[in-house]
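Heads up: the sequence shown begins at 991 in this note's numbering, then just goes up one per residue.
Heads up, the beta-carbon is just placed ideally off N, CA and C, and yes, glycines get one too.
All of these numbers come straight from a predicted model, not from anything done at the bench.
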Amino acid sequence: MDRDTRNMVLATIGFLGIGVLYGFLSAYFSLPVLRVGEYKSLWIFGTALETFITHFITLVAAGMILATSLWVEGESLKYSTAEALQQIRKLFFLSLAIACLYGILQEGVLPWATQMKQTAIRKTQIANELKDKAFASERAKEYSNARFYLEYYLTLFPKDDQVRPLLDRVREREREQQEKPSIEPPESPSILKLKELSFQDLQEKAKQYYQVQDFVSTEYFALMALKLKPNHPEMLRLLAASQNALSRIRLTPEQEARRSLFQAKQQGYEYLKQGDSISAYYHFQELAKQHPKDGEIAKYLQLAYEEVKKKAFFQDEISLVTGSPLASDVFFKNSHREGMEEFLYFSKIVATGPSSYYVLEIEGIGIDSTGKVAYQFKAPFGKFVDHTLLMHCLNRKDPKLSSKPTYIRGDPPAEPSTILPVKLSPQDLVSLARLIHSPQETPFATAVSLLEIFPLAGIEPMPAVHSLLMRFQGPFTCLNVSLLVLILGRLLKSKYYNRPPVITYLLIPFLPVLLTIPLSLYEYELSVFVSILIDKVGLGFLTAGAILLGTQGLILLSILFYGVQSFTREKP
């Protein structure tokens, strides 16, 4: 590296250092304390890097034009064409190296910095919302919801000692609300797995119990057999005989408890047969509390639980949520019914693991073919299972504390109103929301791959395409601007070889600001050109990108031609 190149590099590094310092000072003094109180450091660091990279081209231009016009040695430009080409080549490769560095910063560091800044804001916003909702839920005596909001809040602010007493109080009131007195009946003998018994097995059991005058068991197995063959004469006779005997004799407390248990099991089994797994779950759960050693109850409780997971989820699952939401304010089109356009809004998408996605505050609206609102609903929580959103959120202990969608207008659909098909995966929705609300947060390659999702979501892709094309041309703008200021600075040096005017030194502190004006004008004109390509002409991303690349190439050739002509203006 020769002396001139070293001077240019040092001057550029100096201005970049000033830019970093300015970024941190600007972020510190513009800190929105009320919004990111607990995440000040994260917000300051992310904002400082974002500011520095945003002004990188201006800082580089200021450093280069200063170095080449004041510190580079040399006489007035009297190069031959070959010597001029050699000089331009050196300046070009220096500009190319700087453009590559800018590309790395723009696509490698800037998304990371923007994500830090947005994470600080999101976490603070959701924390404030959670506290407000917790207080509102407590006032409404919805203690399960209040507990969830406070537990979620403490995952974000674990050191907030003022909230922990409130959480303890809410938990205590939730326990008081859910406690119910129960009488513990005596245990009864375990019954065989009814689902595996044939009609003949049930018939044989009814006969055996009738012979030993166990009329409680006779009644139970006769009823089970009649479920398979309702008009079987022998089972009808045994049922009538056992019930007649039970009506004439005085049952002992133990026999009465056994009879009640048999009937309770029968009721739960009926729930399962009818497909009402949620009622079966609560039914067998209550029986399991009273008879914890009954293997059959445990078996059917597990069976009901497995069926419940296909159509609902539990409130304590959401309590496992940690960290900030993956996405906020997600709005998209979700047509899944013929002749109907459905639009969904998710306030927050959160996760408890790599494949467990939950939604907070859901709202949906259906528009029919005439443009009228067919239905509108709200739901507090939802869980993604593949491409299905479950909106029935169960309280494990008390079904009355469970939540379901509330229809504000219209009637629920014929299919279960708590199960909603969603054509986009939660991963796609998260990426889509981030690209829309914070484009710089999404890596370039990921953002390009998401463009095909916009039509599926019913969202206009033009703003995202415009943002991506402007990012795409960023390194090329850096290359062209860097090369141009190097040439202009070298020309100024040749014009004022002995000493530049005094005003030059007075303008040095304001050089980045002065360079911002023409650079902003250039970027504005380029932005208008991109808008014309994708909006007026209707070109897609790839075609518009190719034209934009060609335009930048023509600008580069023009700068190179201008440099060669300027350096060879005076012939030896």
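* **Host alpha helix (DSSP H) of Phe1082 (start-end)** => Here the question's residue 1082 lines up with position 92 in the sequence shown. Element bounds for Phe1082: 1071-1094.
* To do: For the beta strand (DSSP E) containing Pro1563, list its first residue and its last residue.
  => Past the edges of the chain, shown from 991 to 1562, lies residue 1563, and the structure says nothing about it.
* Along the chain, which unbroken stretches of the alpha helix (DSSP H) at least 4 residues long are found entirely within the segment 1210-1277? -> 1223-1238, 1243-1263
* **Below-8 Å beta-carbon distance, Val1503 vs any chain D residue** => The structure shown has no chain D; it contains just one protein chain.
* Asked: What is the DSSP secondary structure of Met1381, reduced to helix, strand or coil?
  -> The sequence position of residue 1381 within the sequence shown is 391, counting from 1. Coil.
* Distance between Tyr1272 and Gln1430 (C-alpha atoms, nearest Å) -> Translated into the one-based positions of the sequence shown, residue 1430 becomes position 440. Translated into the one-based positions of the sequence shown, residue 1272 becomes position 282. Looking at the two C-alpha atoms, the distance is approximately 48 Å.
* Val1363 classed as buried or exposed, judged by whether at least 16 other C-beta atoms fall within 10 angstroms -> Along the sequence shown, one-based indexing puts residue 1363 at 373. That one is exposed.
* **Whole-angstrom distance between Ala1001 and Phe1046, CA atom to CA atom** => What you label residue 1046 is simply residue 56 of the sequence shown in a count that begins at 1. What you label residue 1001 is simply residue 11 of the sequence shown in a count that begins at 1. Approximately 14 Å, taken between the alpha carbons.
* **Whole-angstrom distance between Lys1373 and Phe1500, CA atom to CA atom** => Against the sequence shown, residue 1500 aligns to sequence position 510. Against the sequence shown, residue 1373 aligns to sequence position 383. Looking at the two C-alpha atoms, the distance is approximately 55 Å.
* With a Cβ-Cβ cutoff of 8 Å, do Thr1563 and Ser1421 count as a contact? -> Here the chain covers residues 991 to 1562 and nothing more, so residue 1563 does not appear.
* **Residue of Gly1361, Glu1328, Ala1369 minimising C-alpha distance to Tyr1348** => Indexing the sequence shown from 1 puts residue 1348 at position 358. Nearest option by C-alpha distance: Ala1369.
* **Residue burial classification, Gln1264 (beta-carbon count within 10 angstroms, cutoff 16)** => In the sequence shown, counting from the first residue as 1, residue 1264 sits at position 274. That one is exposed.
* Can you tell me the Cβ-Cβ gap for Ser962 and Gly1479, rounded? I've got them flagged as a contact below 8 Å. => Outside the displayed span of the chain (991 to 1562) sits residue 962, for which this structure offers no information.
* According to the Cβ coordinates, are Ile1537 and Asn1470 closer than 8 Å? -> Your numbering for residue 1537 matches position 547 in the sequence shown. Your numbering for residue 1470 matches position 480 in the sequence shown. At a Cβ-Cβ threshold of 8 Å, Ile1537 and Asn1470 do not count as neighbours.
* Asked: Helix, strand or coil: how does DSSP classify Ala1302 here?
  -> Here the question's residue 1302 lines up with position 312 in the sequence shown. Coil, per DSSP.
* Could you give the DSSP three-state label for Leu1529: helix, strand or coil? => Indexing the sequence shown from 1 puts residue 1529 at position 539. The answer is coil: DSSP assigns Leu1529 none of H, G, I, E or B.
* To do: Would you please state the rounded distance, in angstroms, between the beta carbons of Leu1262 and Leu1293? I believe it to be under 8 Å.
  => In the sequence shown, the residue the question calls residue 1262 occupies position 272. In the sequence shown, the residue the question calls residue 1293 occupies position 303. About 7 Å separates the CB atoms of Leu1262 and Leu1293; that is less than 8 Å, so the two are in contact.
* Can you tell me whether DSSP reads Leu1056 as helix, strand or coil? -> For the purposes of this step, residue 1056 is identified with residue 66 of the sequence shown, where counting begins at 1. Three-state result, Leu1056: helix.
* Can you tell me the Cα-Cα spacing of Glu1450 and Phe1444, whole angstroms? -> Taking the first residue of the sequence shown as position 1, residue 1450 is located at position 460. Taking the first residue of the sequence shown as position 1, residue 1444 is located at position 454. About 7 Å.
* To do: Have a look at Arg1163 and Tyr1133 and give me their C-alpha separation to the nearest angstrom.
  => As a first step, residue 1163 is located in the sequence shown; it is residue number 173 there, counting from the start. As a first step, residue 1133 is located in the sequence shown; it is residue number 143 there, counting from the start. Rounded to the nearest angstrom, the two C-alpha atoms are 7 Å apart.
* Count the other CB atoms, across all protein chains shown, that sit within 10 Å of the CB of Trp1102; report buried if there are 16 or more and exposed otherwise. => Along the sequence shown, one-based indexing puts residue 1102 at 112. The residue in question, Trp1102, is exposed, as its Cβ has fewer than 16 Cβ neighbours within 10 Å.
* Quick one: what's got a C-beta closer than 6 Å to Gly1013's C-beta in the same chain, skipping five residues either side? -> In the sequence shown, counting from the first residue as 1, residue 1013 sits at position 23. These residues qualify, in order along the chain: Ala1038, Thr1041, Phe1042.
* Using the Cα positions of Phe1519 and Phe1434, report the straight-line distance between them to the nearest angstrom. => As a working note, residue 1519 is residue 529 in the sequence shown. As a working note, residue 1434 is residue 444 in the sequence shown. In a straight line, the C-alpha of Phe1519 is about 21 Å away from that of Phe1434.
* To do: Can you give me the Cβ contacts of Met1452 inside the same chain, cut-off strictly under 7 Å, excluding the 5 residues immediately before and after it?
  => Translated into positions along the sequence shown, residue 1452 becomes position 462. Setting aside the 5 residues that flank it on each side, Met1452 is surrounded in the same chain by Ile1524, Asp1525, each with a C-beta closer than 7 Å to its C-beta; the list follows chain order.
* Exposed or buried, Asn1234, counting other C-beta atoms within 10 Å across all chains shown (16 or more means buried)? -> Numbered from its first residue, the sequence shown carries residue 1234 at position 244. By the 10 Å Cβ count, Asn1234 comes out exposed.
* To do: Please report how far the alpha carbon of Lys1183 lies from the alpha carbon of Lys1121, in whole angstroms.
  => On the sequence shown, position 193 is the one that residue 1183 refers to. On the sequence shown, position 131 is the one that residue 1121 refers to. Residue placement at Lys1183 is poorly supported in this model, since its pLDDT is 45, which falls under 50; the coordinates still yield a value, given next. Spanning the two alpha carbons is a distance of roughly 49 Å.
* To do: Identify, in the order they occur along the chain, each residue of the same chain with its Cβ nearer than 6 Å to the Cβ of Ile1055, setting aside the five sequence neighbours on each side.
  => Locating residue 1055 in the sequence shown gives position 65, counting from the first residue. Correct list, in chain order: Val1475, Gly1479.
* Asked: Any contact of the segment 1125-1141 with the segment 1109-1116, i.e. 3+ C-beta pairs under 8 Å?
  -> no
* To do: With a cut-off of 8 Å on the beta carbons, I'd call Ala1254 and Leu1277 a contact; round off their distance for me.
  => Taking the first residue of the sequence shown as position 1, residue 1254 is located at position 264. Taking the first residue of the sequence shown as position 1, residue 1277 is located at position 287. Confirmed, Cβ separation roughly 6 Å.
* Asked: Where Val1153 and Glu1119 are concerned, what is the direct C-alpha to C-alpha distance, given to the nearest angstrom?
  -> Numbered from 1 along the sequence shown, position 163 holds the residue referred to as residue 1153. Numbered from 1 along the sequence shown, position 129 holds the residue referred to as residue 1119. Looking at the two C-alpha atoms, the distance is approximately 14 Å.
* Note down the Cα distance separating Leu1032 from Phe1147, rounded to an integer number of angstroms. => Here residue 1032 refers to the residue found at position 42 when the sequence shown is read from its first residue. Here residue 1147 refers to the residue found at position 157 when the sequence shown is read from its first residue. Leu1032 and Phe1147: Cα-Cα distance of roughly 14 Å.
* Asked: Could you give the distance in angstroms between the alpha-carbon of Glu1307 and the alpha-carbon of Lys1030?
  -> For this step, residue 1307 is matched to residue 317 along the sequence shown. For this step, residue 1030 is matched to residue 40 along the sequence shown. Whole-angstrom Cα-Cα distance: 31 Å.
* Which value, in whole angstroms, describes the spacing of the CA atoms of Leu1440 and Asp1418? -> Numbered from its first residue, the sequence shown carries residue 1440 at position 450. Numbered from its first residue, the sequence shown carries residue 1418 at position 428. Cα to Cα, Leu1440 sits roughly 8 Å from Asp1418.
* According to DSSP, residues forming a beta bridge with Gly1354 -> Locating residue 1354 in the sequence shown gives position 364, counting from the first residue. Beta-bridge pairing links Gly1354 to Leu1334, Phe1367.
* **Asp1319 versus Gly1285 - alpha carbon distance** => Taking the first residue of the sequence shown as position 1, residue 1319 is located at position 329. Taking the first residue of the sequence shown as position 1, residue 1285 is located at position 295. About 47 Å.
* Could you tell me which residues DSSP pairs with Leu1410 in its beta bridges? => The residue you call residue 1410 lines up with position 420 of the sequence shown. Answer by DSSP bridge pairing, in chain order: Leu1379.
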